[in-house]
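>
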């Protein structure tokens with residue numbers, strides 16, 4: 001299937017500073033795509049090129065195979081990291097204005113605004129000035145403004161950084177519902193753990209270059225380390241050529257917690273069988289690396305020169 | 001284009017619906033009228049029913065001076081101590097003591113009063129004394145007052161400017177007045193609404209709405225929509241002011257016609273000025289002359305109105321673009337100062353220079369260059385035009401340069417704007433700004 005959005009070798013520099021250095025991405029339709037990387041990696045620059053706020057110096061963006069053009073504005077909804085609304089404008093009017101800037105007619109926009117305000121319990125506030133709303137309500141209004149024109153591509157820059165937990169969950173549910181209705185969602189964040197369970201695909205960006213991309217499952221598989229955590233009771237003595245104990249912790253009443261790595265060619269069941277013969281097993285699970293750990297490992301492998309103390313860890 | 005219109009509408013409607021706009025629209029004309037009416041009224045009120053007692057030891061006043069504008073003179077004892085005692089028992093406003101005097105070198109006049117006298121009362125009394133001394137001297141010299149008045153001559157010069165279109169009579173006084181009025185309006189308008197543009201841009205920037213908006217429209221459209229929308233607000237306000245002022249003026253015409261107001265003002269100015277020794281009748285004539293000149297001034301009105309609208313709008317757009325750029329470059333009001341100065345300096349300068357050079361030598365080299373340079377031409381050219389004699393090629397060149405300047409200003413502003421609106425928390429220097437001009441879109 002043709003990706004809904006492609007970046008081809010995009011390069012962008014601001015004077016001496018190179019913000020994006022030959023970044024290419026394929027974003028499949030109807031997926032949730034995570035654009036991950038530390039602050040200053042170039043994520044926002046890429047988004048601003050996609051939203052046509054700035055242009056790329058080299059390379060191009062394609063939407064369904066077509067070169068990015070002004071008419072695509074109506075297909076993209078963008079919630080920037082720096083969020084805000086006109087403070088002295090009424091909620092309803094403001095949404096109407098923003099929707100019409102995206103090309104909706106007055107009648108269409110009015111209907112959709114009504115529906116969305118109802119959906120997010122904002123109807124009583126439609127005639128209030130934005131500055132009279134609580135922060136949480138303002139965030140909901142901003143979200144409505146992003147999706148009101150039913151964009152095919154929704155770009156959310158650091159979506160959960162400003163939201164309180166209740167609104168964050170509300171927005172998460174809305175995002176999933178929009179995906180199910182056919183939209184493609186792009187998350188951009190430096191807090192990788194906050195979105196990894198939602199994303200189907202991710203791209204890791206560091207120092208203006210793409211470090212890694214693919215589906216979350218495939219990436220995890222590649223970076224599996226055959227490491228398992230074991231909890232149980234008894235005296236565990238591992239003397240076996242196929243396993244290696246990385247960590248061993250004694251707990252109260254003869255309980256223990258161990259981290260064990262399998263050597264090549266050994267299956268987890270082999271380890272489990274061996275353990276059952278020795279101790280009482282309470283828990284056995286694979287230690288899957290988080291995206292954050294994968295990111296750091298990957299950067300260490302590919303760009304060791306960029307690693308300095310504390311710089312990569314968000 | 002649709003989007004430009006949407007932005008224009010928003011900028012216009014949000015401003016026009018503000019309470020402050022309504023208040024300013026109503027209060028503005030009242031203030032303008034008050035500016036002219038209040039001094040006249042105050043002057044009238046304070047002068048009414050004043051009585052000056054004269055203690056004439058020198059026998060200067062054979063007859064008491066005529067009552068004038070509610071000012072009355074009365075005679076009290078010639079002996080000063082008695083007069084003082086008498087004065088204390090009355091409610092007279094002042095006691096004028098005329099000592100025994102030497103007509104060649106009259107001296108020693110004294111005025112006693114319970115509270116401060118006020119400039120105009122003092123002037124009136126001085127004039128009365130001077131007239132009386134003059135009359136006595138005339139009588140000594142054997143000259144009749146009427147004979148002297150007949151000998152006085154008054155000449156009026158009709159000024160005519162020679163130009164290619166032939167001769168036109170003009171009035172320097174009226175030209176100066178019109179020049180100032182046009183220049184001042186343009187100056188005020190650029191300042192008031194230019195700064196509104198700057199604030200508007202800064203508001204979008206600090207409230208962080210701008211990134212959402214420019215993901216829908218081009219920064220250039222956003223800026224143009226704002227500049228034009230605010231211009232429309234200004235025009236609306238101006239229109240309301242003109243209509244309301246006319247309304248108020250008409251309503252007041254019954255009790256105080258504008259002509260009477262001008263007369264009153266001139267009279268007051270004359271009598272209050274230090275050299276105001278001329279008789280009141282003369283100032284009356286003077287004011288009649290102004291009114292007459294205003295009526296008869298043969299200005300090229302269509303040209304003036306046309307040019308005024310052009311320079312009014314052109315100057316505003318030129319400066320508006322620059323103010324917009326300043327708003328985009330900075331984060332908060334305090335940082336605007338360093339960029340405001342070079343933009344507002346030419347504006348203030350033109351206005352200051354106009355006093356010294358433009359109106360006194362409207363076709364000299366300074367006036368010429370200032371009316372060409374787009375930073376100064378909106379005001380400078382409008383100050384030259386009422387005097388006539390601006391060659392057509394100069395006017396055309398000045399207009400072309402202003403249009404060119406506007407296009408260039410918009411180009412610069414759009415570039416600064418595009419980069420600046422997304423730049424937060426960074427102190428911007430001129431070096432940085434010049435780099436922004438050459439970033440690729």
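Chains as they are written, first to last, in the UniProt record's numbering: chain A, 1 to 314; chain B, 1 to 441.
Cβ coordinates follow ideal geometry from the N, Cα and C atoms, glycine included.
Identify every run of the alpha helix (DSSP H) within the segment 10-53 of chain A, keeping only runs that are complete inside it and at least 4 residues long; order them along the chain.
43-50
> When we look at the beta-carbon of residue 39 of chain A and count the other beta-carbons within 10 Å, is it buried (16 or more) or exposed?
exposed
> If you measure from the beta carbon of residue 277 of chain B to each beta carbon in chain A, is any gap under 7 Å?
Confidence in residue 277 of chain B is poor, its pLDDT being 42 and thus under 50, which makes the residue's placement unreliable; the coordinate value appears in the next sentence. Cβ-Cβ to chain A under 7 Å: no for residue 277 of chain B.
> Which same chain residues, not among the five before or five after residue 145 of chain A, have their C-beta less than 7 Å away from its C-beta?
95, 98
> Return the CA-CA distance between residue 30 of chain B and residue 248 of chain B, expressed in angstroms with no decimal places.
Each residue's alpha carbon lies about 8 Å from the other.
> Mind checking whether residue 121 of chain B and residue 111 of chain B have CB atoms under 7 Å apart?
no
> What does a CB cutoff of less than 8 Å around residue 136 of chain B pick up in its chain, not counting 5 residues either side in sequence?
60, 103.
> By Cβ distance, which residues of its chain are closer than 6 Å to residue 275 of chain B, with the 5 residues on each side in sequence left out?
Residue placement at residue 275 of chain B is poorly supported in this model, since its pLDDT is 42, which falls under 50; the coordinates still yield a value, given next. There are no such residues.
> Go ahead and pull the three-state DSSP assignment for residue 55 of chain B.
strand
> Quick one: give me the first and last residue of the beta strand (DSSP E) that residue 371 of chain B is part of.
Taken as a continuous stretch (DSSP letters only), residue 371 of chain B belongs to no beta strand (DSSP E), as it is neither H nor E.
> Opposite residue 188 of chain A in the DSSP bridges: which residues?
Note: residue 188 of chain A sits in a beta bridge opposite A:35, A:157.
> Just checking, does the segment 282-289 of chain A make contact with the segment 221-240 of chain A on the three C-beta pairs under 8 Å criterion?
yes
> Going by the DSSP bridge assignment, what does residue 215 of chain A pair with across the sheet?
Residue pairing for residue 215 of chain A: DSSP places it in a beta bridge opposite A:201.
> Looking only at its chain, what residues have a beta carbon closer than 7 Å to the beta carbon of residue 429 of chain B, apart from the 5 residues adjacent to it on each side?
Excluding its 5 nearest sequence neighbours in each direction, residue 429 of chain B has no C-beta neighbour in its own chain below 7 Å.
> Can you check whether the CB of residue 87 of chain A is closer than 7 Å to the CB of residue 207 of chain B?
Contact check for residue 207 of chain B against residue 87 of chain A passes: the beta carbons are separated by less than 7 Å.
> Determine, using beta carbons only, whether residue 228 of chain B and residue 8 of chain B come nearer to each other than 7 Å.
yes
> Tell me where the beta strand (DSSP E) around residue 113 of chain B begins and ends.
110-113
> Please tell me whether residue 220 of chain B has its Cβ less than 7 Å away from any Cβ of chain A.
no
> Round the Cβ separation of residue 209 of chain A and residue 21 of chain A to the nearest angstrom and send it over; I've been treating them as touching at under 8 Å.
5 Å
> Compare the beta carbon distance of residue 336 of chain B and residue 330 of chain B with 7 Å and say whether it is the shorter of the two.
yes
> Which residue wins for smallest C-alpha separation from residue 66 of chain B, given the options B:194, B:51, B:57, B:76?
For the residues B:194, B:51, B:57, B:76, the minimum Cα distance to residue 66 of chain B belongs to B:51.
> Assign residue 9 of chain A to one of two classes, buried (16 or more other C-beta atoms within 10 Å of its C-beta) or exposed (fewer than that).
exposed
> Would you decide whether residue 391 of chain B is buried or exposed? Buried here means 16 or more other CB atoms lie within 10 Å of its CB.
exposed
> Please state whether the Cβ-Cβ distance between residue 356 of chain B and residue 420 of chain B is less than 7 Å.
no
> With a cut-off of 8 Å, do at least 3 Cβ pairs link the segment 46-56 of chain A to the segment 125-138 of chain A?
No, the segment 46-56 of chain A does not touch the segment 125-138 of chain A.
> Does the CB of residue 165 of chain B have a neighbour CB from chain A at under 7 Å?
Residue placement at residue 165 of chain B is flagged as unreliable, the pLDDT there being 48, under the threshold of 50; the coordinate-derived value follows with that caveat. For residue 165 of chain B, the answer is no, since every Cβ of chain A falls outside 7 Å of its Cβ.
> Per DSSP, what are the beta-bridge partners of residue 257 of chain A in this structure?
A:231, A:249
> Here's the rule: buried if 16 or more other CB atoms are within 10 angstroms of the residue's CB, otherwise exposed. What is residue 234 of chain B?
buried
> Could you tell me which of B:352, B:307, B:77, B:378 sits nearest to residue 319 of chain B, measuring between CA atoms?
The option with the nearest alpha carbon to residue 319 of chain B is B:378.
> Between residue 310 of chain B and residue 367 of chain B, what straight-line distance do the alpha-carbon atoms span, to the nearest angstrom?
19 Å
> Could you confirm whether any beta carbon from chain A is found closer than 7 Å to the beta carbon of residue 272 of chain B?
The predicted position of residue 272 of chain B is uncertain, since its pLDDT is 45 and thus under 50; a value taken from the coordinates is nonetheless stated next. Not an interface residue.
> Please report the Cβ distance between residue 80 of chain A and residue 203 of chain B, rounded to the nearest whole angstrom; I am assuming they are in contact, meaning their Cβ atoms lie under 8 Å.
At roughly 17 Å, the Cβ-Cβ gap does not stay under 8 Å, so residue 80 of chain A and residue 203 of chain B are not in contact.
> Under 7 Å, Cβ to Cβ, is there at least one residue of chain A near residue 16 of chain B?
Using a CB distance cut-off of 7 Å, residue 16 of chain B does not count as an interface residue toward chain A.
> Mind checking if residue 154 of chain A is an interface residue toward chain B, Cβ cutoff 7 Å exclusive?
Output row for residue 154 of chain A: interface = no.
> Please name the residue, chosen from B:400, B:383, B:87, that lies closest to residue 113 of chain B on a Cα-to-Cα basis.
That would be B:87, whose Cα lies nearest to the Cα of residue 113 of chain B.
> If the criterion is Cβ atoms closer than 7 Å, does the pair residue 255 of chain A and residue 233 of chain A meet it?
yes
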